[in-house]
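Per our numbering, the very first residue in the sequence shown carries number 164; after that it's consecutive.
Every residue, glycine too, gets a C-beta built ideally from N, C-alpha and C.
I have placed the structure first, in the form of structure tokens, so that the comments after it can refer back to it.
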Amino acid sequence: MQKIQIYCSLSVFSGTMSQRNMALCCPNPWVFFLQQLQIKTYHFPKEDLPPYYQPWMEIAKNVTELIDSHSLRACVQKMPLLETHLLQGHRELRLAHLTLSVMTMGYVWQEGENDTVKVLPRTLAVPYWAVSQKLGLPPILTHADAVLANWKKKDPQGVFSMENLELLFTLPGGKSVHGFFMVTLLVELAAVPGIRAIPEVINGVNQGDVTMVTRALESISLAIDCMREALKLMHVYVEPAVFYGIMRIYLSGWKDNASMEDGLVYEDVQVEPMEFSGGSAAQSSLLHCFDELLGVKHEASSGAFLTRMRSHYMPPAHAHFIQDISLSRPSLRDFVLDRASEPLTSAYEHCVAKLVALRNYHINMVSRFITVPASRAKELRLRGEGSGEERSTIAQAPTALEERGTGGSGIMSFLKTVRDRTRGVSVSPSTHPLGAEVAQSNAMAGPAQKATTEASLLSKVTSKLFL
Numbered sequence: 164m165q166k167i168q169i170y171c172s173l174s175v176f177s178g179t180m181s182q183r184n185m186a187l188c189c190p191n192p193w194v195f196f197l198q199q200l201q202i203k204t205y206h207f208p209k210e211d212l213p214p215y216y217q218p219w220m221e222i223a224k225n226v227t228e229l230i231d232s233h234s235l236r237a238c239v240q241k242m243p244l245l246e247t248h249l250l251q252g253h254r255e256l257r258l259a260h261l262t263l264s265v266m267t268m269g270y271v272w273q274e275g276e277n278d279t280v281k282v283l284p285r286t287l288a289v290p291y292w293a294v295s296q297k298l299g300l301p302p303i304l305t306h307a308d309a310v311l312a313n314w315k316k317k318d319p320q321g322v323f324s325m326e327n328l329e330l331l332f333t334l335p336g337g338k339s340v341h342g343f344f345m346v347t348l349l350v351e352l353a354a355v356p357g358i359r360a361i362p363e364v365i366n367g368v369n370q371g372d373v374t375m376v377t378r379a380l381e382s383i384s385l386a387i388d389c390m391r392e393a394l395k396l397m398h399v400y401v402e403p404a405v406f407y408g409i410m411r412i413y414l415s416g417w418k419d420n421a422s423m424e425d426g427l428v429y430e431d432v433q434v435e436p437m438e439f440s441g442g443s444a445a446q447s448s449l450l451h452c453f454d455e456l457l458g459v460k461h462e463a464s465s466g467a468f469l470t471r472m473r474s475h476y477m478p479p480a481h482a483h484f485i486q487d488i489s490l491s492r493p494s495l496r497d498f499v500l501d502r503a504s505e506p507l508t509s510a511y512e513h514c515v516a517k518l519v520a521l522r523n524y525h526i527n528m529v530s531r532f533i534t535v536p537a538s539r540a541k542e543l544r545l546r547g548e549g550s551g552e553e554r555s556t557i558a559q560a561p562t563a564l565e566e567r568g569t570g571g572s573g574i575m576s577f578l579k580t581v582r583d584r585t586r587g588v589s590v591s592p593s594t595h596p597l598g599a600e601v602a603q604s605n606a607m608a609g610p611a612q613k614a615t616t617e618a619s620l621l622s623k624v625t626s627k628l629f630l
């Protein structure tokens with residue numbers, strides 16, 4: 164039995180199975196049988212590295228204090244240059260990447276946007292690059308680091324809850340940092356039933372089983388709704404002023420950022436500066452999976468950004484899984500239109516509506532956590548008003564990020580465009596004007612492409628799933 168494993172929660176990791184091996188386990192190598200897959204939760208993230216790497220762990224565990232004392236850069240410069248060949252297995256590599264990422268973000272942004280660095284010292288840059296190459300991740304803090312690999316349960320046998328979860332490493336921002344990353348993790352966990360239902364949808368479409376597809380879509384709809392409910396906790400556990408004024412800079416990168424227009428030199432890795440985007444919700448595989456399944460076709464600019472996040476900032480297996488969904492034929496949307504089943508159509512439309520609602524909620528949340536504080540920060544800088552506490556948070560926020568997300572996108576226009584394209588995938592073109600355009604785009608997949616596979620997803624089976 165092949166195994167698909169989910170590391171803590173979420174997306175399914177994709178490896179490739181040869182056609183020969185696929186044929187041995189499936190009478191038809193292009194048909195996906197769920198009974199041949201076992202989806203289960205993987206181990207928790209690793210919490211410590213071997214003793215040889217304790218210089219990394221010691222600094223990373225104390226990054227916030229070292230930033231506050233303006234001594235992190237000095238500590239990193241004195242750090243020994245460690246080899247990476249002693250790191251064993253994927254989990255150790257992921258923890259090493261997280262550790263080096265936290266140190267890097269602190270090193271670059273220790274003194275804020277007006278005193279950044281041009282060079283990441285070799286003691287950090289060389290091992291960071293080596294670990295990144297092994298994982299297929301960029302040498303910068305990503306969603307896969309800060310959220311998916313940066314947690315542990317206080318009580319290993321206890322439930323997944325805010326009270327029972329804690330960070331392995333933190334950054335400046337106090338309790339709001341814990342709240343931001345842990346709420347995001349709970350959103351990922353809420354999506355699990357929906358991710359697990361995606362193969363059922365693909366399988367049902369290929370078998371022509373309307374009932375199976377309908378049931379799976381109902382699971383996806385419920386999961387998306389649960390994601391929105393989990394996201395609401397952000398208002399409880401994260402202070403907008405702290406997020407905007409203190410936290411955001413440590414999540415930002417050196418691409419599309421006016422504070423570091425030339426990028427960053429990774430010493431002894433490459434002479435020329437390199438540019439990498441900061442953390443972004445677009446680096447999570449969740450909505451990419453649902454978009455591809457439902458047939459959402461994004462506008463050129465937003466689509467290019469999402470593609471870049473998928474191609475360069477996700478674990479490669481996540482990107483492969485999303486691509487497999489996108490290549491499945493016939494598409495779910497075509498199947499819904501062809502069968503004209505009221506329960507099936509209703510289930511599909513509910514998924515679209517729930518995804519639109521989630522994106523609307525995200526827009527409102529970004530307004531509260533970014534747009535409103537940005538406006539207040541400008542006002543404080545112009546008028547010199549505000550309490551001492553307010554001025555030490557919002558008023559000191561980096562100006563380079565005011566109109567952009569930490570990933571480098573023009574955040575509000577991006578989110579609204581993505582939301583509108585999601586709305587447009589409805590199978591009722593008269594109700595949603597973009598629906599006709601989506602239908603035309605789907606129809607442009609010619610016979611040759613459709614003949615490539617009835618479901619490319621089914622031709623690739625994950626041997627291991629790691630978040």
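Q. What separation, rounded to the nearest whole angstrom, lies between the Cα atoms of V364 and C452?
A. On the sequence shown, residue 364 is found 201 positions in, with the first residue counted as 1. On the sequence shown, residue 452 is found 289 positions in, with the first residue counted as 1. Looking at the two C-alpha atoms, the distance is approximately 12 angstroms.
Q. With C-beta atoms as the reference, is A353 less than 8 angstroms away from M390?
A. Translated into the one-based positions of the sequence shown, residue 353 becomes position 190. Translated into the one-based positions of the sequence shown, residue 390 becomes position 227. Contact flag set, yes.
Q: Would you tell me roughly how many angstroms separate the C-alpha atoms of R496 and D372, rounded to the nearest one?
A: Here residue 496 refers to the residue found at position 333 when the sequence shown is read from its first residue. Here residue 372 refers to the residue found at position 209 when the sequence shown is read from its first residue. Going from the Cα of R496 to the Cα of D372 covers about 14 angstroms.
Q) Alpha carbon to alpha carbon, what distance is there between Y216 and H248? A) Counting from one through the sequence shown, the residue named residue 248 turns up at place 85. Counting from one through the sequence shown, the residue named residue 216 turns up at place 53. In a straight line, the C-alpha of H248 is about 11 angstroms away from that of Y216.
Q. Would the segment 341-351 and the segment 466-484 be scored as touching if the rule is three or more Cβ pairs under 8 angstroms?
A. no
Q: Pick helix, strand or coil for V310, following the three-state DSSP scheme.
A: In the sequence shown, counting from the first residue as 1, residue 310 sits at position 147. DSSP places V310 in coil when its eight states are reduced to three.
Q) So, helix, strand or coil for K297, using DSSP? A) Taking the sequence shown and counting its residues from 1, the one referred to as residue 297 is at position 134. Helix.
Q. Does the distance from the CB of P208 to the CB of R236 come in under 8 angstroms?
A. On the sequence shown, position 45 is the one that residue 208 refers to. On the sequence shown, position 73 is the one that residue 236 refers to. The answer is no: Cβ separation not under 8 angstroms.
Q) Is E430 helix, strand or coil when you go by DSSP? A) Position 267 of the sequence shown holds residue 430. In this structure, E430 counts as coil in the three-state DSSP scheme.
Q) Quick one: what's got a C-beta closer than 7 angstroms to E462's C-beta in the same chain, skipping five residues either side? A) On the sequence shown, position 299 is the one that residue 462 refers to. Cβ within range, chain order: T580, R584.
**Q.** Pairwise C-alpha distance: P561 and A223
**A.** Along the sequence shown, one-based indexing puts residue 223 at 60. Along the sequence shown, one-based indexing puts residue 561 at 398. Their backbone Cα atoms lie some 23 angstroms apart in a straight line.
Q. How close, in whole Å, do the beta carbons of R473 and I485 come, if the pair is a contact with beta carbons under 8 angstroms?
A. Working through the sequence shown from its first residue, we reach residue 473 at position 310. Working through the sequence shown from its first residue, we reach residue 485 at position 322. Yes, they are in contact, since the Cβ atoms of R473 and I485 sit about 6 angstroms apart, within 8 angstroms.
**Q.** Candidates L283, V590, Y407, I574: closest to E505 by CA position
**A.** Indexing the sequence shown from 1 puts residue 505 at position 342. The alpha carbon of E505 has as its nearest neighbour, out of L283, V590, Y407, I574, the alpha carbon of V590.
Q: Might you give, ordered along the chain, the residues of its own chain that have their beta carbon closer than 8 angstroms to the beta carbon of L212, omitting 5 neighbours on each side?
A: Numbered from its first residue, the sequence shown carries residue 212 at position 49. Cβ contact annotation for L212 (same chain, cutoff 8 angstroms, sequence separation greater than five): W219, M220, L250, E255, L258, A259, T262, in chain order.
Q: Could you spell out where the beta strand (DSSP E) holding E435 opens and where it closes?
A: Numbered from its first residue, the sequence shown carries residue 435 at position 272. Taken as a continuous stretch (DSSP letters only), E435 belongs to no beta strand (DSSP E), as it is neither H nor E.
Q) Based on Cα-Cα distance, which residue from A404, G252, A393, L518 lies nearest to V294? A) Here residue 294 corresponds to residue number 131 of the sequence shown, with the count starting at 1. It is G252 whose Cα lies nearest to the Cα of V294.
Q | Nearest neighbour of D308, chosen from E392, V350, L414 [CA to CA] | A | For the purposes of this step, residue 308 is taken as residue 145 along the sequence shown, with counting starting at 1. Among E392, V350, L414, the Cα nearest to that of D308 belongs to L414.
Q. What does DSSP give as the partner residues of E329 in its beta bridges?
A. As a first step, residue 329 must be located in the sequence shown, where it is residue number 166. Bridge partners of E329: K315.
(Q) Counting C-beta neighbours from all protein chains within 10 Å, is the total for V278 16 or more, i.e. buried, or is it exposed? (A) The sequence position of residue 278 within the sequence shown is 115, counting from 1. Checking the displayed sequence, the identity of residue 278 turns out to be Asp instead of Val. D278 comes out exposed.
Q) Which residues in the same chain have their Cβ closer than 8 angstroms to the Cβ of M410, if we skip the five residues on either side of it in sequence? A) For the purposes of this step, residue 410 is taken as the residue at position 247 of the sequence shown. Answer for M410: L334, P335, G336, S339, V340, F343, listed in chain order.
**Q.** Close Cβ partners of V535 (< 8 angstroms) along its chain, the five nearest in sequence each way excluded
**A.** Locating residue 535 in the sequence shown gives position 372, counting from the first residue. The beta carbon of V535 sits closer than 8 angstroms to the beta carbons of P403 from its chain, once the five residues preceding and following it are set aside; these are given in chain order.
Q.
To the nearest angstrom, how far is the alpha carbon of R522 from that of I230?
A. On the sequence shown, residue 522 is found 359 positions in, with the first residue counted as 1. On the sequence shown, residue 230 is found 67 positions in, with the first residue counted as 1. Approximately 35 angstroms, taken between the alpha carbons.
Q: Return yes when at least one heavy atom of the ligand HEM lies under 7 angstroms from the C-beta of L250, else no.
A: With respect to the ligand HEM, the structure shown offers nothing to examine, as it has no ligands at all.
Q. Whole-angstrom Cβ separation of A288 and V405, contact assumed at under 8 angstroms?
A. Working through the sequence shown from its first residue, we reach residue 288 at position 125. Working through the sequence shown from its first residue, we reach residue 405 at position 242. Contact flag wrong, Cβ pair sits at about 30 angstroms.
Q. Grouping DSSP H, G and I as helix and E and B as strand, with all else coil, what is P190?
A. Within the sequence shown, numbered from 1, the residue matching residue 190 stands at position 27. Reliability of the predicted coordinates at P190 is poor, the pLDDT of 36 falling under 50, and the value obtained from them is presented with this limitation in mind. Three-state DSSP puts P190 in coil, outside helix and strand.
Q. Just curious, the alpha helix (DSSP H) that S650 is in, first and last residue?
A. Absent from the model: residue 650. The displayed extent of the chain is 164 to 630, so no value can be given.
**Q.** C-alpha gap between C693 and K460, whole angstroms
**A.** No answer is possible for residue 693: the residues shown for the chain start at 164 and end at 630.
Q: Have a look at F439 and D425 and give me their C-alpha separation to the nearest angstrom.
A: Here residue 439 is taken as the residue at index 276 of the sequence shown, counted from 1. Here residue 425 is taken as the residue at index 262 of the sequence shown, counted from 1. Computed Cα separation, rounded: 11 angstroms.
Q | Pairwise C-alpha distance: E274 and R665 | A | Residue coverage of the chain in this structure runs from 164 to 630, which leaves residue 665 outside it and unanswerable.
Q: Using the DSSP secondary-structure output, state which residues sit across from V282 in a beta bridge.
A: The residue labelled residue 282 in the question sits at position 119 within the sequence shown. V282 pairs with V428.
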